[in-house]
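Heads up: the structure comes next, in structure tokens.
2 protein chains.
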Amino acid sequence: MPSTIKDVAKMAGVSPSTVSRVIADHPKISQATKDRVLEAMETLQYRPNAIARSLANKSTKILGLLLPNNDEDLLQNPFYVQVMRGISRYAQKAGYYILYSYTDHEEQEIKMLDELLHSKWVDGVILTTIRENDRCVEFLRAKQHHFVVIGTPEEHGDEILWVDNNNSNAMYEVVASLVEKGHKRIAFIGGPHEFAVTRYRLRGYQKALKHYGIPFRQEWVVERDYTEKAGYGAAKELFERAEVDAIVTTDDLIAFGVQKALLELGKNEVALTGFNNTILAEYKTPAISSVDIKAEALGYEAAKLLITNLKEKSEVTHCLIDTEFIERESSRVMKKPSRS
Amino acid sequence: MPSTIKDVAKMAGVSPSTVSRVIADHPKISQATKDRVLEAMETLQYRPNAIARSLANKSTKILGLLLPNNDEDLLQNPFYVQVMRGISRYAQKAGYYILYSYTDHEEQEIKMLDELLHSKWVDGVILTTIRENDRCVEFLRAKQHHFVVIGTPEEHGDEILWVDNNNSNAMYEVVASLVEKGHKRIAFIGGPHEFAVTRYRLRGYQKALKHYGIPFRQEWVVERDYTEKAGYGAAKELFERAEVDAIVTTDDLIAFGVQKALLELGKNEVALTGFNNTILAEYKTPAISSVDIKAEALGYEAAKLLITNLKEKSEVTHCLIDTEFIERESSRVMKKPSRS
DNA sequence: TACCTCCATGGTACCGTTTGCACTCATTAT
DNA sequence: ATAATGAGTGCAAACGGTACCATGGAGGTA
Numbered sequence: 003m004p005s006t007i008k009d010v011a012k013m014a015g016v017s018p019s020t021v022s023r024v025i026a027d028h029p030k031i032s033q034a035t036k037d038r039v040l041e042a043m044e045t046l047q048y049r050p051n052a053i054a055r056s057l058a059n060k061s062t063k064i065l066g067l068l069l070p071n072n073d074e075d076l077l078q079n080p081f082y083v084q085v086m087r088g089i090s091r092y093a094q095k096a097g098y099y100i101l102y103s104y105t106d107h108e109e110q111e112i113k114m115l116d117e118l119l120h121s122k123w124v125d126g127v128i129l130t131t132i133r134e135n136d137r138c139v140e141f142l143r144a145k146q147h148h149f150v151v152i153g154t155p156e157e158h159g160d161e162i163l164w165v166d167n168n169n170s171n172a173m174y175e176v177v178a179s180l181v182e183k184g185h186k187r188i189a190f191i192g193g194p195h196e197f198a199v200t201r202y203r204l205r206g207y208q209k210a211l212k213h214y215g216i217p218f219r220q221e222w223v224v225e226r227d228y229t230e231k232a233g234y235g236a237a238k239e240l241f242e243r244a245e246v247d248a249i250v251t252t253d254d255l256i257a258f259g260v261q262k263a264l265l266e267l268g269k270n271e272v273a274l275t276g277f278n279n280t281i282l283a284e285y286k287t288p289a290i291s292s293v294d295i296k297a298e299a300l301g302y303e304a305a306k307l308l309i310t311n312l313k314e315k316s317e318v319t320h321c322l323i324d325t326e327f328i329e330r331e332s333s334r335v336m337k338k339p340s341r342s
Numbered sequence: 003m004p005s006t007i008k009d010v011a012k013m014a015g016v017s018p019s020t021v022s023r024v025i026a027d028h029p030k031i032s033q034a035t036k037d038r039v040l041e042a043m044e045t046l047q048y049r050p051n052a053i054a055r056s057l058a059n060k061s062t063k064i065l066g067l068l069l070p071n072n073d074e075d076l077l078q079n080p081f082y083v084q085v086m087r088g089i090s091r092y093a094q095k096a097g098y099y100i101l102y103s104y105t106d107h108e109e110q111e112i113k114m115l116d117e118l119l120h121s122k123w124v125d126g127v128i129l130t131t132i133r134e135n136d137r138c139v140e141f142l143r144a145k146q147h148h149f150v151v152i153g154t155p156e157e158h159g160d161e162i163l164w165v166d167n168n169n170s171n172a173m174y175e176v177v178a179s180l181v182e183k184g185h186k187r188i189a190f191i192g193g194p195h196e197f198a199v200t201r202y203r204l205r206g207y208q209k210a211l212k213h214y215g216i217p218f219r220q221e222w223v224v225e226r227d228y229t230e231k232a233g234y235g236a237a238k239e240l241f242e243r244a245e246v247d248a249i250v251t252t253d254d255l256i257a258f259g260v261q262k263a264l265l266e267l268g269k270n271e272v273a274l275t276g277f278n279n280t281i282l283a284e285y286k287t288p289a290i291s292s293v294d295i296k297a298e299a300l301g302y303e304a305a306k307l308l309i310t311n312l313k314e315k316s317e318v319t320h321c322l323i324d325t326e327f328i329e330r331e332s333s334r335v336m337k338k339p340s341r342s
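As you go down the protein sequences, you meet chains A and B in turn.
So for the first sequence, the numbering used here puts the first residue at 3; every next one is plus one.
So for the second sequence, the numbering used here puts the first residue at 3; every next one is plus one.
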């Protein structure tokens, strides 16, 4: 039978309210009683009951985290694990806990949010993806709930809390680096267009082409799923209608598939870049250049932003995390194809 | 201002207790009042406050999940994501939530468990790994808390709830399959010996050798970290002191490293198997045979076992999940090395 | 000495549920 | 007619804290 605040109070010869004040480190408590209370807490092995405290405070110090479950292959992507880890790191520091839930589709997601928030389990939620016209975001806004999203919202960007990479810039840098190395015909193989990241990265790609005076060509662009299979298929399809010197992708998994296709087609001279810098990109042959999106930092900052805003409304509504282009063998200086 | 049970009671013209009984589907409530109450709940958009309910029930219907954070590369392993997903699936079905936390080392782990359980946040916890003489397990047993571990405990196996693969069997099958294909000199490259899985898999390896009358040789065994680098290093080291026809490993990441070493050493004839069947094993060249350990099922059954035992003590204390050996190119029929 | 302040603490009413017990009627048995 | 039965419901005390308001006494001022 664990001890309660009353047991402590009795032992220390004070009232429960005094004990409560000691716990909260209330300023006007004499050192003498504070010591007595702390000692009693120690000997009784007292721990405040978090539930009771939450009930009185109307705050659980728990955050909800929604993870997508729809795409089997998305799960193999270490992105989410890193995000979760970043979230956990900040949350722990701030004394918060994280409650996670996988949801299959938007409808279930909304149901879960409704449950979580309405039943008062969580003080706020973290959304790990954002869709076009995301109904979850709408829902949360309408209900005036606290939340943060990882990704860039298309509307109300300064009323919603969000954290993201500067994806357009990131891809711009990749393409710029390739052009500087002599590549001109650069293809883009991306994930589904409905994901904002795909669009932002495409934009960066286009911007870079424009900057270097290379005309944009629709046949250089393919958009598919975030899977190795999809990348493989996309690359094969691409080469049926066009020749290119380099291929940028929006995900390492896609790049892995593309690399496989390149090997099969004997197109060793085509440069290739991934995105998200998963550990295996480094171990591929040739090692694949990739963009480190600092997923853990994304999670960390998301948690931080949300928790900060829970305490008091701040001016800061978003946070852009810098990416880093990691160059490896796969995107080397251009050389003429060795026509055998 | 969300509505409470009292608001509903007032609107329906009954007492709060009656409303509570309607929610709990108490048998002796007349259909008439039940209807009235339900209607009131509907129009007021009432949701029970989970916190208050937990306080009264002394149960949160939340489970704690401890994830290891010590090993950077372990995180890249999709195992944990799959486990989390399995857990989430069963938990959702049973009306439970999952609170996760990453912990860096045993000490922090125990601190977290103490906090979680003592502060009454969770009804039970799930441990995703188990060490030799695991202090967390000791702690939980001593405090009489409910918990389940993924892995096989070495002691008190029928007092502790646990879920695992039959790792010894799984590795036995792998080795047997290699022997049947003509391999005789089979090396074992595993993770750290302190992990029980390593030992069980080693045992299966030894059992198979014995069964086929192949003498066990210590120089065929290397134990390292669960990383690609470690696998690479282990393979190089192995070939400095012995020649083998085949290598079994206890993890795909290790196998990836081994494969890289084999390619570098020109030992294309050496068969190789991984473990855990990560998606990339299939996409390696040659594709790597691996053991599907059904990680999601492990998570699912762990959650199920724990939740079932939370409701009422059951006889069943553990659950063994069948593995499946997925054969691919890397472990083909033995052929004589083509000495060029 | 009387009065005001202020500091440290106690008393108590919540927070929103659940649940054992008591109570009120009908209904049935005696 | 009276007692026993039991279904349907209300009352009030938990559950373990928090925080506002009240209070008592020490110290300072007139």
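We put the beta carbon where it would ideally sit given N, CA and C, even for glycine.
Member of the options whose CA lies at the smallest distance from the CA of residue i
| i | options | result |
| --- | --- | --- |
| residue 235 of chain B | B:211, B:220, B:139, B:267 | B:267 |
| residue 183 of chain A | A:157, A:130, A:214 | A:214 |
| residue 104 of chain B | B:92, B:97, B:122, B:82 | B:82 |
| residue 312 of chain A | A:299, A:125, A:286 | A:125 |
| residue 86 of chain A | A:260, A:298, A:323, A:326 | A:298 |
| residue 175 of chain B | B:134, B:16, B:294, B:309 | B:294 |
| residue 115 of chain B | B:23, B:168, B:65 | B:65 |
| residue 95 of chain A | A:22, A:309, A:319 | A:309 |
| residue 272 of chain B | B:25, B:284, B:251 | B:251 |
| residue 324 of chain A | A:317, A:303, A:315, A:332 | A:303 |
| residue 111 of chain B | B:92, B:97, B:132, B:21 | B:132 |
Residues sharing a beta bridge with residue i, DSSP
| i | result |
| --- | --- |
| residue 167 of chain A | A:323 |
| residue 248 of chain B | B:188, B:273 |
| residue 149 of chain A | A:127 |
| residue 105 of chain B | B:70 |
Cα-Cα separation, residue i to residue j
| i | j | result |
| --- | --- | --- |
| residue 278 of chain B | residue 19 of chain B | 52 Å |
| residue 14 of chain A | residue 43 of chain A | 9 Å |
| residue 288 of chain B | residue 255 of chain A | 18 Å |
| residue 221 of chain B | residue 240 of chain B | 8 Å |
| residue 162 of chain B | residue 100 of chain A | 26 Å |
| residue 199 of chain B | residue 203 of chain A | 42 Å |
| residue 142 of chain B | residue 188 of chain A | 58 Å |
| residue 206 of chain A | residue 226 of chain A | 18 Å |
| residue 35 of chain B | residue 58 of chain A | 31 Å |
| residue 67 of chain B | residue 270 of chain A | 46 Å |
| residue 305 of chain B | residue 84 of chain B | 13 Å |
| residue 177 of chain B | residue 276 of chain B | 12 Å |
| residue 54 of chain A | residue 157 of chain A | 39 Å |
| residue 7 of chain A | residue 40 of chain A | 12 Å |
| residue 274 of chain B | residue 173 of chain B | 13 Å |
| residue 31 of chain B | residue 11 of chain B | 14 Å |
| residue 208 of chain A | residue 334 of chain A | 21 Å |
| residue 119 of chain A | residue 127 of chain A | 8 Å |
| residue 230 of chain A | residue 262 of chain A | 9 Å |
| residue 153 of chain A | residue 134 of chain B | 42 Å |
| residue 243 of chain B | residue 249 of chain B | 14 Å |
| residue 219 of chain A | residue 237 of chain A | 16 Å |
| residue 257 of chain B | residue 290 of chain B | 8 Å |
For residue j and residue i, believed in contact at Cβ under 8 Å, the rounded distance
| i | j | result |
| --- | --- | --- |
| residue 122 of chain A | residue 52 of chain B | 6 Å |
| residue 400 of chain B | residue 28 of chain B | Since the first residue shown for chain B is 3 and the last is 342, residue 400 of chain B is missing from the structure and cannot be characterised. |
| residue 90 of chain A | residue 46 of chain A | Rounded, the Cβ-Cβ distance is 31 Å, inconsistent with contact. |
| residue 168 of chain B | residue 322 of chain B | 5 Å |
| residue 159 of chain A | residue 191 of chain A | Contact flag wrong, Cβ pair sits at about 28 Å. |
Note to self: Along the stretch 83-99 of chain B, where does the CB come closer than 9 Å to a CB of chain A? Name the residues.
What the structure shows: 83, 84, 86, 87, 90, 91, 93, 94, 99
Item checked: Contact list for the stretch 101-128 of chain B against chain A, Cβ threshold 7 Å -> 101, 102, 103, 104, 120, 121, 122, 123
Item checked: Where the stretch 275-289 of chain B meets chain A: residues whose CB sits under 8 Å from a CB there -> 280, 281, 282, 285, 287
Item checked: Residues of the stretch 158-190 of chain B whose Cβ lies closer than 9 Å to any Cβ of chain A, in chain order -> none
Note to self: To be precise: take each residue of the stretch 253-264 of chain B, compare its Cβ to all Cβ atoms of chain A, and keep it if any distance is under 9 Å. Which residues remain?
What the structure shows: 255, 258, 259, 262
Item checked: chain B contacts made by the stretch 34-64 of chain A, where a contact means CB separation under 9 Å -> 47, 49, 50, 51, 52, 53, 54, 55, 56, 57, 60, 62, 64
Next item on the list: Could you name the residues of the stretch 212-234 of chain A whose beta carbon sits closer than 7 Å to any beta carbon of chain B, in the order they occur along the chain?
Entry: 230
Check: When you check each C-beta in the stretch 304-327 of chain A against every C-beta of chain B, which residues fall closer than 7 Å?
Finding: none
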